[in-house]
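In the numbering used here, the protein residues as written are 332 to 561. Below you'll find the structure, written out as structure tokens, and then a few comments.
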Amino acid sequence: MVETIGWRYALGTLLTSVPVHNLNEGALVGASAITACGEQADSHLRVDLRPDRVELSLQTRSLAAVTAQDTELAARITQALAAGARRTAGATSAELPRPVQMLELAIDALDIPAIRPFWKAVLAYADEPGHDGPTDPLVDSAGQLPAVWFQQMDAPRPQRNRIHLDITVAHDEADARVQTTLDAGGVLVSDACARAFWILADREGNEVCVCTWLDRDPPVGASETPASFQ
């Protein structure tokens, strides 16, 4: 189970962070992860090197989902790093000030097919693999910028923000993140759908959802249900 070895599941992706002291050390961590994945690296692994950490993510790119192959690769990477006295971690703010997380942008729209081409063009985004319909999300093919998804409106709502942020965190980070936000002056709009998401707002009503994978549908194309990632 990937949680016990320092990985977390979010938005069809396995995530972990490896603390390092400099980029040279980070490069060694990245090389170790790539070697552990072998010929599967290009189609599953992404590596983001920073001076204080290496962010690793695994996904079966052709499906935009986590499969059994990704969980196996997570175990192989963790084992390879442990051999070099390094650990996969960073799921919660108790481990790192900025733990592993993923950001989405949500756009409310009355006519999603009419506006989706605009956002695809202006962001130079692409269709998510296997999801190229007129109302499907858009993704950054380089995997650097947040995905954009579209929420169907049933009537014009000029009185509220029509773009809100979705921040997806590890399931065991969510309670702390919500509480920290409330302590900072935030307002709990709704927890009716927790633990899938909590709706929070700032003092002017601008909204953000703190999300986890819990209580959501199984990942599309995955060979395992979300419970297997615990």
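For glycine and all other residues, C-beta sits at the position ideal for the given N, C-alpha and C. Small disclaimer: the values here were computed from a predicted structure and weren't measured.
Residue span of the beta strand (DSSP E) that contains residue i, given as start and end
i: C542; result: E538 to C542
i: I365; result: Segment L354 to C368 is the alpha helix (DSSP H) holding I365; no beta strand (DSSP E) there.
i: T499; result: I494 to V500
Identified DSSP bridge partners for residue i
i: S388; result: L346 and R377
i: D458; result: L469
i: V518; result: A532
i: A440; result: Q483
i: R339; result: L346
i: M433; result: T499
i: A420; result: S348
i: A372; result: Paired residues: none, contrary to the question.
i: A478; result: E435
Cα-Cα separation between residue i and residue j, rounded to whole angstroms
i: Q510; j: D383; result: 26 Å
i: Q561; j: R339; result: Residue placement at Q561 is flagged as unreliable, the pLDDT there being 48, under the threshold of 50; a coordinate-derived value is accordingly withheld.
i: L346; j: I408; result: 12 Å
i: W450; j: A416; result: 44 Å
i: E356; j: A406; result: 21 Å
i: L376; j: P468; result: 21 Å
i: I365; j: L545; result: 29 Å
i: M433; j: T423; result: 13 Å
i: V333; j: N353; result: 26 Å
i: V351; j: T398; result: 28 Å
i: D632; j: Q400; result: Because the chain here runs from 332 to 561, residue 632 falls outside it and cannot be looked at.
i: R508; j: G536; result: 18 Å
i: T502; j: P448; result: One point to set straight first is that residue 502 is His, not Thr, in the sequence displayed. Using only the alpha carbons, I get a separation of about 33 Å.
i: L387; j: A532; result: 31 Å
i: R547; j: A523; result: 13 Å
i: A362; j: E538; result: 40 Å
i: T391; j: A372; result: 10 Å
i: G337; j: D458; result: 30 Å
i: R418; j: V385; result: 11 Å
i: A395; j: Q410; result: 25 Å
i: V360; j: T512; result: 33 Å
i: A515; j: A505; result: 15 Å
i: D540; j: R534; result: The question names Asp, but residue 540 in the sequence shown is Cys. Cα-Cα distance, rounded: 15 Å.
Sub-9 Å separation of residue i and residue j beta-carbons
i: G461; j: S393; result: yes
i: L436; j: P477; result: yes
i: L389; j: T344; result: yes
i: Q482; j: A445; result: no
i: A367; j: L412; result: yes
i: A420; j: S348; result: yes
i: C542; j: V479; result: no
i: P465; j: I438; result: no
i: V453; j: A341; result: no
Residue i: CB within 8 Å of a non-hydrogen atom of the ligand GDP
i: V378; result: Annotation note on the ligand GDP: not contained in the displayed structure, which lists no ligands.
First and last residue of the uninterrupted alpha helix (DSSP H) at residue i
i: A414; result: A399 to A414
i: A523; result: First-last for A523: undefined, no H or E at that position.
Practice prompt. Would you check if the region 467 to 474 and the region 492 to 500 touch, i.e. whether three or more CB-CB distances between them fall below 8 Å?
Written response: Not touching, per the Cβ criterion.
Worksheet item: How do the region 527 to 543 and the region 476 to 488 stand: do at least 3 beta-carbon pairs fall below 8 Å, yes or no?
Response: Segments in contact, no.
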